[in-house]
Amino acid sequence: MIRAHAGWAVLCLAMLPATDARAQESGAVDTRASVEQRIQQLEAQVGGDSSAEKQSVILRWLADLYASAGRLDDAERAYEQILVFFPGDAATTNAYAIFLLEQRHAPERADSVLHFALSWANALPEPPPYIGQTYALRARALRALGRCDEAVAPSETALTMLDEDATEEALRVKAACLAETGHGDEARACYLDLIGVTGGANPDDISAFVALLTAATGSVSADTVRREIAAAIEHSRAERRATAEAEGAVLLEMRADDGARIEATLRRGSTGRAVLFVPEPGSRRSRYTPYAQLLMLDGATTLTVDPRGHGGSRCDSLPDFPQLSETHRGRVADDIATAIRYLRDEEHIPLDRMAVVAAGAACAHVEQAIHEHALSVAVVYLSPVFDPSDLALAASLSFRPLQPTLLLASSEDVYAIQSLGYFIDETHSDQTTTRVFTSAGHGVTLLRDPARYLVMSNWLERALAVGD
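Heads up, the sequence shown is in our numbering, so the first residue is 1 and it goes up one at a time.
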């Protein structure tokens, strides 16, 4: 079944061909011809004898490309077709609902598809992945419809799902609804919780908090607001520290080369080996938690990291990855290098006993980190997405050191399969192992199946056995 992953639109646009880009009078680059070219290429792959899983993944890419080209009717039909194949799929429903809320401005239709997905999920023996976000989006749709009295319940349900993405959405809706229904004190506490977990990265949340305080008192002290926000952020970090310590892990705060605060979770093993996990752009390190725990139990030291713009590494100057400046996006590779050096210098793990696991477009950031910082380590790439027009990536691959490499992808994941071919053609390495599965999803989702996780863990065992 198709599973959503963070940054679909970012990844679609990253894979656009560089040809046919024209400068407009404004000086901006016109990529419309490139978008239409990619759309035509993908449309040719829909239908025929292709499996439902493959068609669904292609349609998911198409939905984002249609939306970026302003073809909203086509985007909507693409989402609807996916749900014909897999009715009630939470990941697709969530993406469709966001499209309806943000681009169609149709909260009543978003509420309808979300309600159907929740009814479907409630009939299953256990909650499916991503259903926490479905509850949070239902709350958002209800609020947009002016039904705040109904929106609080699904937001509270989302908060019980232990899904960090759902938590932020749910807190945002709950705080706004509490404020709108006259529950000022509860709304204030809710906004502070939200600002704490996001690191104050969203200026709209802070503006809403200030507006709430101003409405209650008529004026507000800027110093007081800053102190409350700082305290909320530190409280949230303290809670994350406590959670990590409760499972025998350590919450780390590293400093990147430019001083940016980078948050990570360290789980110390006993074998002198280490695995660093890097999330896909727009995701967060917690997606890797169960796999980091399993590898730690097998003796490996594991480090899950949030580069700038991700999870716990966000702040007022480093917001969510899609809002990061190009300068900061270019420094994500430096953050990865910082984490590798930490394992080498502070945990004393030799580079030849170390591997990096990354997903999607983050794989290109890892290649850049390895190349620019001369850090030769083994790598595992889950559904890698490489842009052939990226000159920095091309240089990294051209001068790539010989190192064990495992490439994992699902056969229906169009861009991942293309990227596998591009990587192999550019590197010509006999140390690269490729495994392609069927209907396995994208990125971290590949590891949900125990047999596919074992492919990775057994490969890591062999690749890091230097000197044993």
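Backbone N, C-alpha and C fix where the C-beta goes; we use that ideal spot for every residue, glycine too.
In this text the structure is predicted, and so the values were computed from the model without any measurement.
8 Å CB neighbourhood of residue 186 in its chain, flanking five on each side removed:
The residue labelled residue 186 in the question sits at position 186 within the sequence shown. Contacts found: 178.
Bridge partners of residue 289, per DSSP?
In the sequence shown, the residue the question calls residue 289 occupies position 289. Paired residues: none, contrary to the question.
Whole beta strand (DSSP E) elements within the segment 222-246, 3-residue minimum:
none
Between the CA atoms of residue 410 and residue 445 - distance to the nearest angstrom:
The count along the sequence shown starts at 1 and reaches residue 445 at position 445. The count along the sequence shown starts at 1 and reaches residue 410 at position 410. Using only the alpha carbons, I get a separation of about 10 Å.
Rounded Cβ spacing between residue 194 and residue 205 (contact assumed at less than 8 Å):
Walking along the sequence shown from the start, residue 194 turns up at place 194. Walking along the sequence shown from the start, residue 205 turns up at place 205. Their Cβ separation, rounded to whole angstroms, is 5 Å, which keeps residue 194 and residue 205 in contact under 8 Å.
If the criterion is Cβ atoms closer than 8 Å, does the pair residue 314 and residue 332 meet it?
Locating residue 314 in the sequence shown gives position 314, counting from the first residue. Locating residue 332 in the sequence shown gives position 332, counting from the first residue. Taking 8 Å as the Cβ cut-off, residue 314 and residue 332 do not qualify as a contacting pair.
Provide the residue(s) that pair with residue 254 in DSSP beta bridges, ordered along the chain.
Residue 254 sits at position 254 when you count from the first residue of the sequence shown. In the DSSP output, where bridge partners are listed per residue, residue 254 has 262.
Looking only at DSSP bridge pairs, what is residue 381 linked to?
Position 381 of the sequence shown, counted from the first residue, corresponds to residue 381. Answer is 358, 407, bridged to residue 381.
Closest residue to residue 427 among 418, 394, 447 (Cα-Cα distance)
Residue 427 sits at position 427 when you count from the first residue of the sequence shown. Closest by alpha carbon: 394.
Between the Cα of residue 452 and the Cα atoms of 382, 397, 387, which residue gives the shortest distance?
In the sequence shown, residue 452 corresponds to position 452, counting from 1. Here the closest residue by C-alpha is 382.
Would you mind giving the Cβ-Cβ distance between residue 274 and residue 303, rounded to the nearest angstrom? I have them listed as a contact below 8 Å.
For the purposes of this step, residue 274 is identified with residue 274 of the sequence shown, where counting begins at 1. For the purposes of this step, residue 303 is identified with residue 303 of the sequence shown, where counting begins at 1. Going by Cβ atoms, the distance from residue 274 to residue 303 rounds to 7 Å, so yes, they are a contact pair.
Quick check: the Cα distance between residue 276 and residue 372, rounded to an integer number of angstroms?
Here the question's residue 276 lines up with position 276 in the sequence shown. Here the question's residue 372 lines up with position 372 in the sequence shown. Distance between the alpha carbons of residue 276 and residue 372 is about 18 Å.
Determine the extent of the alpha helix (DSSP H) in which residue 67 is found, giving its start and end residues.
Residue mapping note: residue 67 aligns to position 67 of the sequence shown, counting from 1. Note, residue 67: alpha helix (DSSP H), 52-68.
Nearest to residue 437 (by Cα), restricted to the options 164, 270, 420, 376:
Position 437 of the sequence shown, counting from 1, holds the residue named residue 437. Nearest option by C-alpha distance: 420.
So, for residue 459: in the same chain, excluding its five sequence neighbours on each side, which residues have a beta-carbon less than 6 Å away from its beta-carbon?
In the sequence shown, the residue the question calls residue 459 occupies position 459. Only 406 meet the Cβ criterion.
Is residue 166 closer than 8 Å to residue 158 when the C-beta atoms are compared?
Position 158 of the sequence shown, counted from the start, is the residue given in the question as residue 158. Position 166 of the sequence shown, counted from the start, is the residue given in the question as residue 166. Yes. Within cutoff.
From what residue to what residue does the beta strand (DSSP E) around residue 116 run?
Indexing the sequence shown from 1 puts residue 116 at position 116. First-last for residue 116: 107-122, but that is the alpha helix (DSSP H), not the beta strand (DSSP E).
Length of the line joining the Cα atoms of residue 312 and residue 48
On the sequence shown, position 312 is the one that residue 312 refers to. On the sequence shown, position 48 is the one that residue 48 refers to. Taking the straight line joining both Cα atoms gives about 44 Å.
N-terminal and C-terminal residue of the alpha helix (DSSP H) that residue 197 is part of
Walking along the sequence shown from the start, residue 197 turns up at place 197. Per DSSP, residue 197 belongs to the alpha helix (DSSP H) from 184-198.
Once the 5 residues before and after residue 111 are set aside, which same chain residues still bring their CB inside 7 Å of it?
Taking the sequence shown and counting its residues from 1, one reaches residue 111 at position 111. Contacts found: 138, 141, 142, 145.
CB contact below 8 Å: residue 99 versus chain C:
Chain labels in this structure do not include chain C; a single protein chain is all it has.
For residue 322, count neighbouring Cβ atoms within 10 angstroms of its own Cβ and tell me buried if that reaches 16, exposed if not.
Residue mapping note: residue 322 aligns to position 322 of the sequence shown, counting from 1. Counting Cβ neighbours within 10 Å, residue 322 comes out exposed, since fewer than 16 surround it.
Pick from 327, 431, 97: whose alpha carbon is nearest that of residue 380?
Mapped onto the sequence shown, residue 380 falls at position 380. Comparing Cα positions, the closest option is 431.
Boundaries (first-last residue) of the alpha helix (DSSP H) holding residue 216
In the sequence shown, the residue the question calls residue 216 occupies position 216. Residues 203-217.
Measure the C-alpha to C-alpha separation of residue 115 and residue 209 and round it to an integer number of angstroms.
In the sequence shown, counting from the first residue as 1, residue 115 sits at position 115. In the sequence shown, counting from the first residue as 1, residue 209 sits at position 209. Taking the straight line from one Cα to the other gives about 30 Å.
Beta-carbon proximity list for residue 443, same chain, < 7 Å, skipping 5 on both sides
As a working mapping, residue 443 is identified with position 443 in the sequence shown. So the qualifying residues of the chain are 5, 280, 359, 360, 382, 383.
Whether residue 351 touches residue 375 by CB criterion (8 Å):
Position 351 of the sequence shown, counted from the first residue, corresponds to residue 351. Position 375 of the sequence shown, counted from the first residue, corresponds to residue 375. In contact: residue 351 and residue 375 (Cβ atoms closer than 8 Å).
Among residues of its own chain, excluding the 5 on either side of residue 286, which ones have a beta-carbon nearer than 8 Å to its beta-carbon?
Along the sequence shown, read from residue 1 onward, the residue named residue 286 stands at position 286. These residues qualify, in order along the chain: 164, 304, 311.
Cβ atoms of residue 240 and residue 253: under 8 Å apart, would you say?
To locate residue 253, count along the sequence shown from 1; it is residue 253. To locate residue 240, count along the sequence shown from 1; it is residue 240. No, they are not a contact pair.
By alpha-carbon positions, which one of 449, 440, 448 ends up nearest to residue 52?
The residue you call residue 52 lines up with position 52 of the sequence shown. Closest by alpha carbon: 440.
Assuming residue 339 and residue 392 form a contact by the criterion Cβ under 8 Å, report the distance between their Cβ atoms to the nearest whole angstrom.
The count along the sequence shown starts at 1 and reaches residue 339 at position 339. The count along the sequence shown starts at 1 and reaches residue 392 at position 392. Between residue 392 and residue 339 the Cβ distance is about 20 Å, and since that is not below 8 Å, they are no contact.
For residue 448, which residues from the same chain have a beta carbon less than 6 Å from its beta carbon, with the 5 sequence-adjacent residues on both sides left out?
By 1-based counting over the sequence shown, the position of residue 448 is 448. No residues qualify anywhere along the chain.
Runs of 4 residues minimum, wholly inside the segment 303-335: which ones carry the alpha helix (DSSP H) assignment?
326-329
Tell me which same chain residues have a C-beta within less than 7 Å of the C-beta of residue 337, skipping the five on either side of it?
By one-based count along the sequence shown, residue 337 stands at place 337. Within the same chain, residue 337 has close Cβ partners 369, 373, 375.
Check whether residue 396 and residue 367 have beta carbons under 8 Å apart
Residue 396 sits at position 396 when you count from the first residue of the sequence shown. Residue 367 sits at position 367 when you count from the first residue of the sequence shown. Result yes, Cβ atoms of residue 396 and residue 367 sit closer than 8 Å.
Starting from residue 92, trace the alpha helix (DSSP H) in both directions and tell me its first and last residue.
As a working mapping, residue 92 is identified with position 92 in the sequence shown. Residues 90-102.
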